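One structure below.
Numbering (the numbering used here), first residue to last: 20 to 102.
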């Protein structure tokens, strides 16, 4: 386990140490998900690239006008043909 001290400046800004971000697997542009319980916090990296890719897939699916049941049938058909 690693311990870090992060100072909070007057405008509630903080600089996160590079080793801290590296341990989380976070980088510039990513988001941090923080769960707080009492005075303890659990910090997890949310990779922005993965989230952006997922949103783009959702958007493309919405634009395609293909219904979810049709897509599921097509995927299932491909699975049975490749076995």
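Note that the Cβ used here is the ideal one computed from N, Cα and C, for glycine as well. For clarity, every value in this text was computed on a predicted model and none was experimentally measured.
In chain order, what residues of the same chain lie with their CB nearer than 7 Å to the CB of residue i, ignoring the 5 residues before and after it?
i	result
residue 44	64
residue 35	25
Among the options, which residue has its Cα nearest to the Cα of residue i?
i	options	result
residue 37	76, 92, 31 and 47	47
residue 68	54, 50, 61 and 77	50
residue 40	23, 76 and 55	23
residue 20	42, 80, 71 and 26	42
In the DSSP output, what is residue i paired with across the bridge?
i	result
residue 47	DSSP output for residue 47 lists no bridge partner at all.
residue 60	55
residue 65	50
Once the 5 residues before and after residue i are set aside, which same chain residues still bring their CB inside 6 Å of it?
i	result
residue 61	54
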